[in-house]
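Q:
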Amino acid sequence: MSYKLSRELIGHTQDVKCVHFINSNTLLSGARDNSAILWRNVDNNWAVAARVHTHDNYVNSVGYLADNDAPAYTLLGHSGNVCSIDTSSDGLIATGSWDTTARIWKDGVELSCLSGHTQAVWSVKFTPDNKHVITASADKNIAIWDVKSGAAVKTIQGAHKDAIRALTILPNGIGFASASNDLQIKLWTFDGENIMNLDGHTEFIYSLATLPTGQIVSAGEDRSVRIWQDGECVQTIIHPTTSVWAVATSENGDIASASSDGTIRIWSQDPARFADQDALKAYENVIAGSTISSRSSNGINPKDVKSPEVLQQAGQRDGQVILVKDAQIVSAYSWSVGESQWKKIGEVVDAAGGVDPSKRVKHSDGKEYDYVFDVDIEDGKPPLKLPYNVSENPYIAAQRFLEKNMLPLTYLDETVKFIESNTSGVELGQGSSEFVDPYTGECNSF
């Protein structure tokens, strides 16, 4: 049975960057509003149980340690943005940072600093036996470290063609999966053997999780959560938002997704936990009524527009996107294997206020952008290049720029303001700096 919307959790006021199930009825989340929230579910009604506002900046990752009598503590050691955290069943904490290191902690004390990566460590995961930690980095490498000694026991050089953003452990001791900016998910044994590749996402992949069934769940910049089984995408869940930053799975098989619209969504295969029919229909209408820029690469080729008759034919794979022109309106449809039908996921429009294609700038990475800004960071050194398309979220462009140049996350808001001031008069990407009220649909500036 396909996953359907169960509940929408409203409590954060900006992008929700991370989610983690403690159990099927308890969820942790963190957001760009500098807060973490503990949610509890009673009779399928999720509510805020506690809110933590002790951070001075964005909450990028959350984890859980089993109850103990020890006092809370702050872990000091990283010199850059901490972007990943994982916990072991025996009370250890692993963290990954933009400072190119991962660290292992116990009871507030740093046990080891795992040095070897040359760029940000985006993801850390303990192996099931708690004897090793796996790290994934923007340097395109994956490393496996011995917890006791802090030594690297295996390095997978060039594991991906671009920065690696996420890891998840596979069931039954098979190994682990990794996801990258190269749009691929790769499955590995713990010995470093690549056993399978999963292709389907059309934008950056930000998060991975594993279901009790062994299915893999992924989320990314193409508005989707995807569910994978036996090497194939079996369901694509489109979101009414620019970015799906994170996914988590619970022991009862439910999925939580965290999005740039400030909303957490719970998805279930159990009809007893489905939202009511009015809510399900309203969600479908929101998706169908959304707009998609023809400049986005969400699996869309703006030159390949078909007639409505194509909707009578079955798609080739779940999540396949086609464009259909009816009268003067071009709409995007996604094929659902579970429902055996094409589902409308939005209307395709030109990027509002976009740049004439003939005037687009080619950046040094070989791609074309509407703008390529020179950013002076340090006196006496050449300016850094900041590429930007008006159809994209300025926060995504700013974060990409900071990551690539190893600059502190504290510069994020300043970089976004720089983009906005240098594109004055141009309507920027829909997800740019707006929080969408899920009840009214109105957008409110942060």
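Mapping of the sequence shown onto the UniProt record's numbering: position 202 corresponds to residue 202, and the numbering continues sequentially without gaps.
Yeah, the Cβ is synthetic: ideal placement off N, Cα and C, and Gly gets one too.
1) Identify every residue that forms a DSSP beta bridge with Thr213.
2) Contact defined as beta carbons within less than 8 angstroms: I believe Lys281 pairs with Val305. What is the distance between those atoms, to the nearest angstrom?
3) Just mark Asp107 as buried or exposed, buried being the case when its beta carbon has 16 or more other beta carbons within 10 Å.
4) The alpha helix (DSSP H) spanning Asn285 covers which residue range?
5) Measuring only the C-alpha atoms, how far is Val355 from Leu402?
6) Can you tell me the Cβ-Cβ gap for Asn34 and His20, rounded? I've got them flagged as a contact below 8 angstroms.
7) Express the C-alpha separation of Ala94 and Trp105 in angstroms, rounding to a whole number.
8) Using three-state DSSP, classify Leu311 as helix, strand or coil.
9) Using the three-state DSSP reduction, which class does Ala351 fall into: helix, strand or coil?
10) Comparing alpha-carbon positions, which option in Ile227, Arg223, Ile237 lies nearest Ser260?
11) So what's Phe401 in DSSP terms, helix, strand or just coil?
12) Hey, quick one: how far does the alpha helix (DSSP H) through Ser260 stretch, first residue to last?
13) Alpha carbon to alpha carbon, what distance is there between Thr101 and Gly116?
14) Could you pull the DSSP bridge partners for Val244 from this structure?
15) What are the uninterrupted segments assigned as beta strand (DSSP E) that are 3 or more residues long and contained completely in the UniProt repeat "WD" (157-198), given in chain order?
16) Just list the residues that DSSP pairs Ala120 with in beta bridges.
17) I believe Thr210 touches Leu170 by the beta-carbon criterion, under 8 angstroms. Please report the beta-carbon distance rounded to the nearest angstrom.
18) What's the C-alpha gap between Thr249 and Ala327?
19) Determine the extent of the alpha helix (DSSP H) in which Asp413 is found, giving its start and end residues.
20) Could you compute how far the alpha carbon of Lys131 sits from the alpha carbon of Leu65?
21) Where does the unbroken beta strand (DSSP E) through Thr26 begin, and where does it stop?
22) Taking the straight line between their C-alpha atoms, what separation do you get for Asp270 and Gly253?
23) Can you name, in chain order, every residue of its own chain whose Cβ lies under 6 angstroms from the Cβ of Cys113, other than the five neighbours on each side?
24) So the beta strand (DSSP E) Pro128 belongs to, where does it begin and stop?
A: Short version:
1) Thr213 pairs with nothing; no bridge assigned.
2) Between Lys281 and Val305, the beta carbon gap of about 28 angstroms keeps them out of contact (Cβ cut-off 8 angstroms).
3) Exposed, since its Cβ has fewer than 16 Cβ neighbours within 10 Å.
4) Counting along the chain, the alpha helix (DSSP H) containing Asn285 begins and ends at 277-288.
5) Confidence in Val355 is poor, its pLDDT being 49 and thus under 50, which makes the residue's placement unreliable; the coordinate value appears in the next sentence. When rounded, the distance between both Cα atoms is 24 angstroms.
6) Not a contact, Cβ separation roughly 18 angstroms.
7) Using only the alpha carbons, I get a separation of about 6 angstroms.
8) Per DSSP, reduced to three states, the secondary structure at Leu311 is helical.
9) Unreliable placement is indicated for Ala351, whose pLDDT of 44 sits below 50; no coordinate value is reported for it.
10) Of the candidates Ile227, Arg223, Ile237, Arg223 places its Cα closest to the Cα of Ser260.
11) Helix at Phe401.
12) It is not in any alpha helix (DSSP H) - Ser260 carries neither H nor E in the DSSP assignment.
13) Straight-line Cα distance between these residues: approximately 7 angstroms.
14) Partner(s): Ser259.
15) Taking 3 residues as the minimum length, the beta strand (DSSP E) runs contained wholly in the UniProt repeat "WD" (157-198) are 164-169, 176-180, 184-188, in order along the chain.
16) Under DSSP, no beta-bridge partner is assigned to Ala120.
17) With a Cβ gap of about 6 angstroms, Thr210 and Leu170 count as contacting.
18) Rounded to whole angstroms, the gap between the alpha carbons of Thr249 and Ala327 is 42 angstroms.
19) Taken as a continuous stretch (DSSP letters only), the alpha helix (DSSP H) holding Asp413 covers 412-422.
20) Inter-residue distance for Lys131 and Leu65 is about 17 angstroms (C-alpha atoms, whole angstroms).
21) Run containing Thr26: 26-31, per the beta strand (DSSP E) assignment.
22) Those two C-alpha atoms are separated by around 9 angstroms.
23) Excluding positions up to five away in sequence, the list reads Thr101, Arg103.
24) Segment: none, Pro128 is in no beta strand (DSSP E) and carries neither H nor E.
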